[in-house]
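Asker: UniProt numbering numbers the first residue of the sequence shown as 1 and each following residue consecutively.
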Amino acid sequence: MLLGNWNLENLYRPGGPYGPDDEAAYASKLAALAAVITELDPGLLGVQEVGDPGALDDLAEMLGDDWHVALSSNADSRGIRVGFLSRTALTVVADTAAFPPRMLPVQADDTGLTVSQAGRGFLAVEVAGGRGTLRVAVCHLKSKLLSYPGGRFQPRDEGERARYGAYALYRRAAEAAALRALADRLLEGDGRERDVAVLGDLNDETQAATTQLLLGPPGSEIGTPGYDRPDRGDAVRLWDVAPLIPASERYSRVNSGRRELIDHVLLSHRLVRRVSAAGTGLPSDGPPRLPSVGTDPGERRGVAGSDHAPVWVRVG
Numbered sequence: 001m002l003l004g005n006w007n008l009e010n011l012y013r014p015g016g017p018y019g020p021d022d023e024a025a026y027a028s029k030l031a032a033l034a035a036v037i038t039e040l041d042p043g044l045l046g047v048q049e050v051g052d053p054g055a056l057d058d059l060a061e062m063l064g065d066d067w068h069v070a071l072s073s074n075a076d077s078r079g080i081r082v083g084f085l086s087r088t089a090l091t092v093v094a095d096t097a098a099f100p101p102r103m104l105p106v107q108a109d110d111t112g113l114t115v116s117q118a119g120r121g122f123l124a125v126e127v128a129g130g131r132g133t134l135r136v137a138v139c140h141l142k143s144k145l146l147s148y149p150g151g152r153f154q155p156r157d158e159g160e161r162a163r164y165g166a167y168a169l170y171r172r173a174a175e176a177a178a179l180r181a182l183a184d185r186l187l188e189g190d191g192r193e194r195d196v197a198v199l200g201d202l203n204d205e206t207q208a209a210t211t212q213l214l215l216g217p218p219g220s221e222i223g224t225p226g227y228d229r230p231d232r233g234d235a236v237r238l239w240d241v242a243p244l245i246p247a248s249e250r251y252s253r254v255n256s257g258r259r260e261l262i263d264h265v266l267l268s269h270r271l272v273r274r275v276s277a278a279g280t281g282l283p284s285d286g287p288p289r290l291p292s293v294g295t296d297p298g299e300r301r302g303v304a305g306s307d308h309a310p311v312w313v314r315v316g
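(1) Tell me which residue opens and which closes the alpha helix (DSSP H) that Q48 is part of.
(2) So which of R229, T295, I222, D76 has the shortest CA-CA distance to A278?
(3) Give the straight-line distance between the Cα atoms of V93 and L186, rounded to the nearest whole angstrom.
(4) Can you find a heavy atom of the ligand NAP that lies under 6 Å from the Cβ of L40?
(5) Work out the CA separation of L59 and D21 for me, nearest whole Å.
(6) By the three-class DSSP mapping on this structure, what secondary structure does Q154 have?
(7) Grouping DSSP H, G and I as helix and E and B as strand, with all else coil, what is G233?
(8) Report all residues from its chain with a CB closer than 6 Å to the CB of M62; omit the five preceding and five following residues, and keep chain order.
(9) Would you check if the distance between the CB atom of H264 and the CB atom of N7 is smaller than 7 Å?
(10) Between the C-alpha atoms of G189 and D231, what's the straight-line distance to the nearest angstrom?
(11) Just verifying my parser: in three-state terms, what is the DSSP assignment at E175?
(12) Would the region 99–115 count as touching the region 256–271 if we require 3 or more Cβ pairs under 8 Å?
(13) Would you mind working out which of G119, G281, V272 sits nearest P42, comparing C-alpha positions?
(14) Tell me whether G219 sits in a helix, a strand or coil according to DSSP, three-state version.
(15) With G4 and L40 assumed to form a contact (beta carbons below 8 Å), what rounded beta-carbon distance in angstroms separates them?
(16) Taking the alpha helix (DSSP H) that T210 falls in, what are its first and last residues?
(17) With H, G and I counted as helix, E and B as strand and the rest as coil, what does DSSP make of L282?
(18) Give me the residue from E299, A55, L214, V241 with the minimum Cα distance to A173.
(19) Give me the Cα-Cα distance between G121 and K144, rounded to the nearest whole angstrom.
(20) Grab me the residues of Y148's own chain with a C-beta within less than 8 Å of its C-beta, minus the 5 sequence neighbours each way, in chain order.
Spelled out as C-alpha cells, the structure:
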C-alpha cells in the first residue's frame, strides 16, 4: 500500500476570491492534480488546502473508479480544510480543532486577540487494511508565511515581523500539541500493535521544535542508535520517515529558492517497521520539479498543479 500526503494548493472552484478565474483554468488545475495522483496510485492520500468541498468531489470524479472522500468540517477564514482521498471505504473517527485540556489560548496579533483552537481542523479516519485497521490523521498547521494587518504580506518594520513571527509560532506549537493529543487517542498506548499514521503539512522542517513535539519520547529516531533498541517508549512514539527519503528528494516545497521539507508522514512502531520505500513527488521522476514561491500566495492564483510535492511511503 502506498500512503501519501499532498497539499493541493488552493483547490477552489472558479469564481471566488481565491480560486481560478474561469472554467478553463480550473479544468487545467484538476487535470494536473489528477495526473499526479493517478501515477502515484495511493491507497490513501491525505490532502490540504481544499477550499471548496465540491472541488475535491470534482477531483475524485476525474480520477475515475470509486474513490472515497472525507473532509474536515473545520475550515480557516479562507475556507480551506484538510481531507482524504481513499481507494477503500473510510470511517471518520475524529474531526476536531480544539486545543488540548490545560492549554490556554495563545496570542494571535498586536491587538491581543487570542485563539483557543487550530486554524484548520484535524481529521482522523479508519480504513481496513490487509493487516488490520489503519488509523490515520491529517493536518495543516499554522503557516510560517506571515500576514499583517490590512492584508499586507510585508511588515512595516522588523519589530512587526518578529512579533508576527512569534504569534505564528505560538499558534503552530499549540496546534502541534493538539495534534499530538489526537495521535495519543489513535495510538491508545499500543503503537507496537496498532497501525497509526499522522500525515500533514506541518509548515516546518524535520528538526523544528513543533515537528519534534509530535514524535513522543526522544532517542529512537530513524538513523540513530536507539532505532533498533526496543523500549517502553515504542508504544507511544511516532517516527518521521524523512530520513528514509533519498537526500536528493528530501524536500516538498521551494521557498524563495530554498528547498524545504515541510510535509511529513509520521508512523507508529508497528507501521514504520514495514516501510519498504519513501519519497517525494513521483517515484519514477527523481527530485521534484517545483516552482519557487515567495511571500504573496496570491501570485499563484489559478496556476495548475500545486507548489508542494506529495510525500509518500510504501508499506507492506
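Positions of the beta carbon are idealized from the N, C-alpha and C atoms, including for glycine.
Answerer: Quick look at the numbers:
(1) From DSSP, Q48 is part of no alpha helix (DSSP H) but of the beta strand (DSSP E) over 44–50.
(2) The option with the nearest alpha carbon to A278 is I222.
(3) Rounded to whole angstroms, V93 to L186 spans 9 Å at the Cα level.
(4) This structure simply doesn't include the ligand NAP, nor any ligand for that matter.
(5) Between the C-alpha atoms of D21 and L59 there is a straight-line separation of about 18 Å.
(6) Three-state result, Q154: coil.
(7) Three-state result, G233: helix.
(8) If we look at M62 and ignore the five residues flanking it on each side, its Cβ neighbours are L30, A34.
(9) No, they are not a contact pair.
(10) G189 and D231 have their alpha carbons spaced roughly 13 Å apart.
(11) It is helical.
(12) With a cut-off of 8 Å, the region 256–271 and the region 99–115 do not count as touching, because too few Cβ pairs lie within range.
(13) Comparing Cα-Cα distances from P42 to each of G119, G281, V272, the minimum goes to G281.
(14) Note: G219 maps to coil in three-state DSSP.
(15) In this structure, G4 and L40 form a Cβ contact; the two beta carbons are roughly 6 Å apart against a cut-off of 8 Å.
(16) Run containing T210: 209–213, per the alpha helix (DSSP H) assignment.
(17) DSSP places L282 in coil when its eight states are reduced to three.
(18) Ranked by Cα distance from A173, the first of E299, A55, L214, V241 is L214.
(19) For G121 and K144, the distance between alpha carbons rounds to 17 Å.
(20) Within the same chain, Y148 has close Cβ partners Q154, P155, R156, E160, Y164.
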